[in-house]
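For what it's worth, our numbering labels the leading residue of the sequence shown as 1342, then goes sequentially.
For every residue, glycine included, the Cβ atom is placed at its ideal position computed from N, Cα and C.
Source: prediction; values computed, not measured.
A quick write-up on the structure given underneath.
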Amino acid sequence: MLSSYASDDAPLGVLYRPCGNRRADVYPPCSRVYARDTFEMIKAGVAGGKTVPDTVADNPLLSVTVTAPSFGVVHGARSRHGRRSGGHCRPRSHTVVCDHGRRLSCMAVHDQHDELNGVPLCSDCYDWSSAVVWQWWAPELLRRTPNTLRRKLAQHLETPESRLGDLASVQSPRWPSTRIAAWCTSTP
């Protein structure tokens, strides 16, 4: 035996080790380590390094985020100091009101399970019909967007869709994520 370790020898008699959880609301320090590791992995995939050749930086890359429209002002749990909740809901001037005379501010602090989350501050101003239409069609939109992107990219590269994988890659995560990435594996 070359060496040994006992937690009794530690300053507080306890060996601290990272929990490895990626969620900031569970343990922010481990979440930050995971975020840095993820950043370095993505950076290497885009610019090279960490066993990825530097020539990948010559290939075009496109990252698209699809964002839902706003249908009106709603209550919600707001982040504060890196945590998911703890911030004021809508910290605005108390004098700002909508056309119906209702205040467009809320100084309450809602947690993630508060029943008011997502409830409009003024139900008369909220665009209910557009929200329903969006919720109905959003999954189909997110399904069609990568398919259309593949088709248009194949047209642009002047290659059949069946051979697109030899030149480019279009990747889209599963619902509910709305990030779509596309990059060319070689310059045409």
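| Check | Outcome |
| --- | --- |
| Pull the bridge partners of R1485 from the DSSP assignment, please. | Paired residues: none, contrary to the question. |
| So, do the region 1470-1490 and the region 1438-1451 have three or more beta carbon pairs nearer to each other than 8 Å? | no |
| Do V1393 and A1385 have their beta-carbon atoms positioned less than 7 Å apart in this structure? | yes |
| In three-state terms, what does DSSP make of G1386? | helix |
| Hey, quick one: how far does the beta strand (DSSP E) through R1433 stretch, first residue to last? | Taken as a continuous stretch (DSSP letters only), R1433 belongs to no beta strand (DSSP E), as it is neither H nor E. |
| Expressed to the nearest angstrom, what Euclidean distance is found between the alpha-carbon atoms of T1526 and R1485? | Its pLDDT being 46, under 50, T1526 is placed unreliably in this model, and the coordinates cannot settle the point. |
| Does DSSP classify V1460 as helix, strand or coil? | coil |
| Quick check: the Cα distance between P1529 and L1402, rounded to an integer number of angstroms? | Its pLDDT being 41, under 50, P1529 is placed unreliably in this model, and the value from its coordinates should be taken loosely. Their Cα atoms are separated by approximately 14 Å. |
| Which value, in whole angstroms, describes the spacing of the CA atoms of N1362 and H1497? | 42 Å |
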